[in-house]
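Scroll down for the structure; my scribbles are underneath it.
Number of protein chains: 4
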Amino acid sequence: MIRLTVWNEYRHEKKNPKIAEIYPQGMHGAIASALAKDADLKIRTATLDEPEHGLTQEVVDATDVFIWWGHMHHQDVTDPIIERVHKRVVVGGAGIVVLHSGHFSRIFKRLMGTTCDLKWREANDREILWVTRPGHPIVAGLDDHFVLAAEEMYGEYFDVPEPETTFLISSFTGGEVFRSGCTWQRGAGKVVYFRPGHETYPTYHDKNVLKVIHNAVRWAAPNAGLKSPTFGNRKVGWIDQTK
Amino acid sequence: MIRLTVWNEYRHEKKNPKIAEIYPQGMHGAIASALAKDADLKIRTATLDEPEHGLTQEVVDATDVFIWWGHMHHQDVTDPIIERVHKRVVVGGAGIVVLHSGHFSRIFKRLMGTTCDLKWREANDREILWVTRPGHPIVAGLDDHFVLAAEEMYGEYFDVPEPETTFLISSFTGGEVFRSGCTWQRGAGKVVYFRPGHETYPTYHDKNVLKVIHNAVRWAAPNAGLKSPTFGNRKVGWIDQTK
Amino acid sequence: MIRLTVWNEYRHEKKNPKIAEIYPQGMHGAIASALAKDADLKIRTATLDEPEHGLTQEVVDATDVFIWWGHMHHQDVTDPIIERVHKRVVVGGAGIVVLHSGHFSRIFKRLMGTTCDLKWREANDREILWVTRPGHPIVAGLDDHFVLAAEEMYGEYFDVPEPETTFLISSFTGGEVFRSGCTWQRGAGKVVYFRPGHETYPTYHDKNVLKVIHNAVRWAAPNAGLKSPTFGNRKVGWIDQTK
Amino acid sequence: MIRLTVWNEYRHEKKNPKIAEIYPQGMHGAIASALAKDADLKIRTATLDEPEHGLTQEVVDATDVFIWWGHMHHQDVTDPIIERVHKRVVVGGAGIVVLHSGHFSRIFKRLMGTTCDLKWREANDREILWVTRPGHPIVAGLDDHFVLAAEEMYGEYFDVPEPETTFLISSFTGGEVFRSGCTWQRGAGKVVYFRPGHETYPTYHDKNVLKVIHNAVRWAAPNAGLKSPTFGNRKVGWIDQTK
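Residue numbers (the numbering used here), protein chains in the order written: chain Y, 182 to 424; chain A, 182 to 424; chain H, 182 to 424; chain Z, 182 to 424.
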């Protein structure tokens, strides 16, 4: 069983009626309810305006994979929560699937070590997402590409460390390209970035988008046999310890 | 279910009574029988001196993961079989777990594109294998290191492409080091190299070695939803096709 | 000084007057003469129909970097020459810059270990090449993107190993994308793939294309202090050798 | 010309007479004076107890490559200086060569996104450093290994992102191993980690160690033609901008 926590800033949906219409239960609600069909997932949601942003120590310790969507209020996520999630991923081996504007979240920048900046445009660009690593578990079930009729454009250069695997690359109406699906290992944990999901589009109702998110959650989950790494002063050498 | 084919050169065991004593059913037999406890694996074995080396088109097509052990007779594996296995991995998405002296096998060199050469010594070196990627599925269940009391030494430089993940690094009594556990993606398929297993030692009876092999087989298996990549002349652009 | 050998199939230019008009000295001639402004390069050319394809042992041994363009006649390049160039790169530490349809050359496939297949279309697509690794020496002097007014389309999935660095990604009029600039290390040598250059377009007269090729040659050149790796039986351990 | 700033914590040398004896001008002084033979380097030094740790905006802006040694007082390096150096590397394209206990410096952890933790022991272990990427510029001039008679031991697991290139792996008397030479790209800049250099040993007088540091500085230097990446709102698509 994988214990999934879908985290969302959840302010756009409360302020903007048009967004609320697309996502009456919030984007986290839409994603959580789509993934609920997988009985192997135990899903909860958490949002910015809950106490400790819904990410108490108890919740974080009981999370195998995080999904993270944020946009306008990254700075409102406090230091201790960032450190808590960071530690849970890097030391505890949890996975994290960062969505769309989450590229600028504090947790993603903390994990990447770069600015995570990019080019963008809100102009209803058509996005084509091409599979660039066919055998990867995260693209299981996809054709060689899929299309979103209208989305925000994100364009290169995307300032992240060279991905360990790039599984999707997008092109947009305007002629821009973007590495839309990428993975990295950080400590004992796994990180996925997946681009689509501007709040004004029904992207998280798209079956291919949901398939990628679902696959990403499964790929990023920790292994049953994970033992956290040991560090520090090893006073006696291996050889002498065993004499 | 994962359909596993354990391939072995299987000549040492027939010629050398000491080796036959360690591996009465051959190394392939020892590995196959250890992995048989996993009911999710459907295991067969194949060896060099069978017709088509036991790797008929039918067998290869029905294989999700290959294990490969060879040593003195790599050159006896014929071109068509190499191409068949290569295609099954790269296009078909099968996995391959290459063991020990299989580093010099024709299939591994074909997948790597390099000489795959290294330094070696048969002198009963003690080998310590240190985990260098704690959260990776292939090291699930291991402590931070494990030890083999006596093994052949393999030393760097190991002439392979920079691994995508290095999950184990060994040190030997003589002071040498070796990247003993590495992964690469090739096309739709996955490749694992795992160092231990000289024929004169009972290495494939060691529980940690068998754990790594078992984990590697599971990691390298293709995904249920794999669609083979499409190539070739795309006469009409995406945009015009959909107008 | 870098000793550069520009290799070209050089049959299109001899058979097709339109191509000859664009490249009166052949594509190799155009590239060689553009790069000749760098006094630090010692340039020669070699073509398929010369004896040993112009790649005698003497020439290969005296080459620090190869540029490789081939298209319709990859199969006419013989085994010994492929092995010679392969060894010069992997063991000797030479660089190789593979251009456009050279993706299907035998030397590139040998170095990659994959099919190197892709999608393609000849329809005068406009190609935009976006820089995806700004600080890399190969993109020095480029803006954040450059454009080719008309080119053959190459589309993903491009079946190569995950690049160590992806420095350019293209989009085409048809909506396709392609990893157009990639690097890999192979043994002691360096490999660059750079996409543009269909024979019916004046691509190798474009200043940005020539800049990338020039930068790639410099990046791929071996280091002054290169010592070829040592392999084989190390009879006595490091520790005992030095007692 | 490469403008190099050698940064050192420079407290051990002032407090401990034994260390002062080994490094009368500090470790930064020893490194700076060894590298001064390269007329293409313009070298300055900077230390923790200088105003702004010697890393004023002016100095940072005029630095192409940083060398960084710190140990007991990482926490005394203030936030604004860390951000300044980070920005100079990631956005400005400077290189940084992090030495030994600098693995725990705030700037290295900021660039890596992980804990950067490891195992260690101070017991005069003999360290053998094996070359694992023969053609890389940073190992130019080295044999296939070199030895340090006595050093602090660092052991795996070293909690850093999978290196883009691992050029040296060490073994120690105690049987431990360590990825002692690694590179990563971060934004437009380059990062090198190089392990040796505990303050109580004359490691920065060793000719092989100095050769690696020298090569690393040259490799990490920005390119003449670097253009900083552009980000932000791209209101009009590429296609429409050029109509």
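Ideal placement from N, C-alpha and C gives every residue a C-beta, glycine not left out.
Contacting positions in the region 356-377 of chain A - beta carbon closer than 7 Å to chain H: 356, 357, 365, 366, 367 and 368
Bridge partner(s) assigned by DSSP for residue 366 of chain Z: Z:371
Nearest candidate by alpha-carbon position, reference residue 215 of chain Y, set Y:236, Y:419 and Y:393: Y:393
Rounded straight-line distance, which links the Cα of residue 248 of chain Y to that of residue 240 of chain Y: 13 Å
Euclidean distance between Cα positions of residue 361 of chain Z and residue 383 of chain Z: 18 Å
Where the beta strand (DSSP E) containing residue 308 of chain Z begins and where it ends: 300-312
Chain-ordered chain Z contacts of residue 315 of chain A [CB-CB under 7 Å]: 338
Contact residues within the region 282-297 of chain H, judged by C-beta distance below 9 Å to chain A: 290, 291, 292, 293, 294, 295 and 296
Status (buried if at least 16 other CB within 10 Å, exposed otherwise) for residue 342 of chain Y: buried
The region 295-315 of chain Y contacting the region 252-269 of chain Y, beta-carbon criterion three pairs below 8 Å: no
Classification of residue 202 of chain H by the beta-carbon crowding that lies within 10 angstroms, buried from 16 upward: exposed
Inter-residue spacing [alpha-carbon to alpha-carbon] between residue 406 of chain Z and residue 353 of chain H: 27 Å
Inter-stretch contact (C-beta, 8 Å, three-pair minimum) for the region 360-376 of chain A and the region 314-324 of chain Y: yes
CB contact check: residue 200 of chain A to chain Y, cutoff 8 Å: no
Pairwise C-alpha distance: residue 223 of chain Y and residue 366 of chain H: 43 Å
Per-residue burial, residue 404 of chain H [other beta carbons within 10 Å of its own, 16 or more giving buried]: buried
Residues that residue 343 of chain Y contacts on chain H, provided the C-beta gap is smaller than 8 Å: 314, 345, 346 and 347
Pick from Y:197, Y:414 and Y:339 that is closest to residue 374 of chain Y, judged by C-alpha positions: Y:339
Contacts of residue 247 of chain H in chain A (Cβ-Cβ under 8 Å): Near residue 247 of chain H there are no residues of chain A at all, since even the closest Cβ is about 15 Å away, more than 8 Å.
Simplified DSSP state of residue 326 of chain Z, which is helix, strand or coil: strand
Members of the region 202-222 of chain Z that neighbour chain H once the beta carbon cut-off is set at 9 Å: none
Residues, ordered as in the chain, of the region 238-271 of chain A that lie near chain H by beta-carbon distance below 9 Å: 267, 268 and 271
Secondary structure of residue 294 of chain Y, DSSP reduced to three states: coil
Residue 419 of chain A at chain Z interface by Cβ criterion, 8 Å: no
CB contact check: residue 311 of chain Z to chain A, cutoff 8 Å: yes
Below-8 Å beta-carbon distance, residue 411 of chain Z vs any chain C residue: No chain C appears in this structure, whose protein chains are Y, A, H and Z.
From Z:182, Z:262 and Z:336, residue whose alpha carbon lies closest to that of residue 413 of chain Y: Z:336
Close-in-space but distant-in-sequence residues of the same chain around residue 257 of chain Y (CB under 7 Å, 5 per side omitted): 229
Among H:409, H:390 and H:356, nearest to residue 421 of chain A - alpha-carbon criterion: H:356
Residue 426 of chain A vs residue 260 of chain A beta-carbon contact at 8 Å: Since the first residue shown for chain A is 182 and the last is 424, residue 426 of chain A is missing from the structure and cannot be characterised.
With 16 other Cβ atoms within 10 Å as the buried cut-off, status of residue 253 of chain H: exposed
Under 9 Å by beta carbon: chain Z residues contacting residue 394 of chain A: Per Cβ cutoff of 9 Å: no residues; residue 394 of chain A is ~21 Å from chain Z at best.
Host alpha helix (DSSP H) of residue 404 of chain Z (start-end): Element bounds for residue 404 of chain Z: n/a, residue is neither H nor E.
Residue 409 of chain A versus residue 324 of chain Z: straight-line alpha-carbon distance, rounded: 45 Å
Residue-level contact to chain A via CB, residue 319 of chain Z, 8 Å cutoff: no
Amino acids of chain A, ordered along the chain, whose beta-carbon sits closer than 7 Å to that of residue 324 of chain Y: 408
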